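Chains as they are written, first to last, in this note's numbering: chain Z, 228 to 745; chain G, 842 to 1032; chain L, 24 to 70.
Report on the structure given below.
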């Protein structure tokens, strides 16, 4: 409909070209605000800023014109790639400059609402054009114009200027909201560009380092979850096609930077991430679980006679910024669970437990994994509180013979192999840096091994630990100390089990891991 | 033992399959994350120079923009008046600067070519530029090597250093070549 | 197996794989000494 009015489109096109020329002229570069002032007068005279609808239409058509110009340039073979891209950048950067100046100078200084509303409007328009474009031109869809618009606008609006500093958090929120709308699941054709934006050094700096009180962390974690959710179905298939491998590798690089620079961020949000990362993505999960606060010194897990029980850190609970307790659904189940934890009755609760966790008969989707994870962490944290309330500390004695351990032992025995694997994964996901959760769940895993009434349980515990250890580094501290304890402590008679010697490769693996542990 | 994919046999099967299928390795055994071009032992934060999810190296200094007052951006008004870039006009010092600060760029190769023209030779094993020290005679010379005192350029201390070398000619790079498909240097520009 | 929706997503991802972003796409326009990537010998400094 916008493009039905050819006269209007032509006028918009003419004005845009005029602006591009103006802002790239020597005077425009030196005094952009002056050039902007002149141009805005022009827009006003032409009626392009009269009403909200008119402004919206102007931006929609302008966005479309810029995108079309880029796409045409990119498909031309006559010029070199560098020349083509430079032509695209020139137009896109000018358009972005116009948007940035309009945002900066709209409304008055005291009221930032007008500015943010305009920004949200423009971001929404660009996102809308993108989604429409992606659906209309699957194979020919070009990420470049949209990527450039978003990242350059972000850089413009994060310039160190007083006007922009006062609205910075709202600017970040607006961008995160737009990136969430354009998450890879919604705009897969934009995925690589999306990851470029989310990984950009200025974006990372603003979201995770410069915004006070870590106010950007929650939004950034949501973007990472969007990425993991998109990758999950493809990674579950294990055999990765090249496009997926590339996106996965880019994700690993980003996670490495986060692990190095913002480990506390990974610590705080590890729970939500592990909920959406498929169980077979072991290295990626290990990366997240290996994070520990920078002010912490981890004792060497290979220290002979390391007394984990004596470490002061195990008295402290880690931050978990997901409300996992509310993820135990339905409410009736949560109520029954709390009742059982309080009274250790009725026994029927245990026999019905499996049913609450199973959701379908479809292979690979039989269990509610988020519910399993929430149940495990909830029961474990309740157990820690209960033990502390008795003025004890969690250890191999105090964790036993409780409603909490009833539940864990019941799950270990009653679930089928798939369910048990997922259950043990949920426990292993809490084996991180020294803290009360790591310690409790390490003891729990070892207790379940020692008290297992079948070798299958012991085999699966071993499988869950081993597969997390044989991948390339990093490895979480809690994982290492649990495995070392399992193979060193004669209580567990680890080396006497058949599954340790079931094949030469497995034997070699254990020997190799044991050698490096001891 | 557990007979399905959730026990040790399942793990073993996957590991065995990964031995022949490289696509499976990336998830089964993971990758060497130290080979992704990030200095994970750096005491400084990585994000300020992070080149992006598919960059093998961090950003070069010239790739990192900084906000400057618009008055500083004079290129548009003077670029037509600047002489074109001609490497043969510049001193060795600038050529070394271009060589060391533009890895993986046409400029690196162009600077290398000009250094070669000035009788510098790149030692492929020592990874330094070497030239004959003026006034110093070669002590020994055969068809495959020569020995004597030469200058090499030390990029850490940014100076020429005299040193005795046994120069095996096979270890010296020949004339550098720009791939013909690449765009030549822009005719105008400024530094 | 991949659901239909995921297969559709993969098709779009695969199409995007042939139009990968370049480093210069996220950088300010350099009017001089723009990036001009060129494969250099492995014995040259890489960083």
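Ideal Cβ placement from N, Cα and C applies to all residues, glycine included.
From a predicted model like this one, the values you see are computed outputs, not experimental measurements.
- Residue burial is scored here from C-beta neighbours: residue 583 of chain Z has at least 16 other C-beta atoms within 10 angstroms and is therefore classed as buried.
- In the three-state DSSP reduction, residue 1013 of chain G falls in the strand class (E or B).
- In the displayed model, residue 470 of chain Z falls within a helix according to three-state DSSP.
- Taking all protein chains in view, the Cβ of residue 1007 of chain G is surrounded by fewer than 16 other Cβ atoms within 10 Å, so the residue is classified as exposed.
- Contact with chain G is absent for residue 323 of chain Z, since none of that chain's Cβ atoms lies less than 7 Å from the residue's Cβ.
- According to DSSP, residue 995 of chain G shares a beta bridge with G/1000.
- DSSP, read as helix, strand or coil, puts residue 1008 of chain G in strand.
- When DSSP reads this structure, residue 970 of chain G sits in a beta bridge with G/963.
- In this structure, the beta-carbon distance from residue 39 of chain L to residue 607 of chain Z does not fall below 7 Å.
- Residue 531 of chain Z has its alpha-carbon roughly 53 Å from the corresponding atom of residue 41 of chain L.
- Two segments are said to touch when three or more pairs of C-beta atoms, one from each, lie closer than 8 Å; by this definition the region 693-709 of chain Z touches the region 728-744 of chain Z.
- If only complete runs of 3 or more residues are kept, the region 869-922 of chain G shows no beta strand (DSSP E) anywhere.
- Contacts between residue 366 of chain Z and chain L, judged by CB atoms closer than 8 Å, involve 38 in chain order.
- Distances from the alpha-carbon of residue 643 of chain Z to those of Z/590, Z/627, Z/327 and Z/466 put Z/590 closest.
- By the neighbour-count criterion, in which a residue is buried when 16 or more other Cβ atoms sit within 10 angstroms of its Cβ, residue 657 of chain Z is buried.
- DSSP places residue 988 of chain G within a strand segment (E or B) once states are collapsed to three.
- With contacts defined by Cβ atoms closer than 7 Å, residue 611 of chain Z and residue 663 of chain Z form a contacting pair.
- Contacts with chain L at 7 Å (Cβ-Cβ) include residue 378 of chain Z.
- Think of a sphere of 9 Å around the beta carbon of residue 947 of chain G: no beta carbon from chain Z falls inside it, the nearest being about 10 Å out.
- In this structure residue 670 of chain Z touches residue 623 of chain Z by the C-beta definition: roughly 6 Å separates them, less than 8 Å.
- Against chain L, the beta carbon of residue 427 of chain Z has neighbours under 9 Å at 49, listed in chain order.
- Three or more pairs of CB atoms, one per stretch, sit closer than 8 Å, so the region 893-905 of chain G contacts the region 474-483 of chain Z.
- Any Cβ of chain Z closer than 7 Å to the Cβ of residue 35 of chain L would place that residue at the interface, and such an atom is present.
- What residue 68 of chain L touches in chain G, judged by beta-carbon distance under 7 Å, is 941 and 944, going in chain order.
- Between residue 691 of chain Z and residue 652 of chain Z, the C-beta gap is smaller than 7 Å, which places the two residues in contact.
- Ranked by Cα distance from residue 281 of chain Z, the options Z/236, Z/452, Z/305 and Z/302 are led by Z/236.
- Taking a beta-carbon distance threshold of 7 Å, residue 918 of chain G counts as an interface residue toward chain Z.
- Taking 8 Å as the Cβ-Cβ cut-off, the region 457-472 of chain Z approaches chain L at 457, 460, 461, 464, 468, 469, 470 and 471, given in chain order.
- Contact between residue 947 of chain G and residue 1019 of chain G holds: their C-beta atoms lie close to 7 Å from each other, under 8 Å.
- Taking one beta carbon from each stretch, the region 872-889 of chain G and the region 483-495 of chain Z have 3 or more pairs nearer than 8 Å; the two touch.
- In this structure, DSSP gives residue 946 of chain G an extended state, which the three-state scheme calls strand.
- Taken in chain order, the whole beta strand (DSSP E) runs of length 3 or more contained in the region 353-417 of chain Z number zero.
- With contacts defined by Cβ atoms closer than 7 Å, residue 345 of chain Z and residue 330 of chain Z form a contacting pair.
- Rounded to the nearest whole angstrom, the CA to CA distance from residue 933 of chain G to residue 1000 of chain G is 11 Å.
- Scanning the region 469-524 of chain Z for uninterrupted alpha helix (DSSP H) segments of 4 residues or longer gives 469-488, 490-503 and 509-516, listed from N- to C-terminal end.
- Segment contact: the region 490-504 of chain Z against the region 518-538 of chain Z, three or more CB-CB distances shorter than 8 Å; contact assigned.
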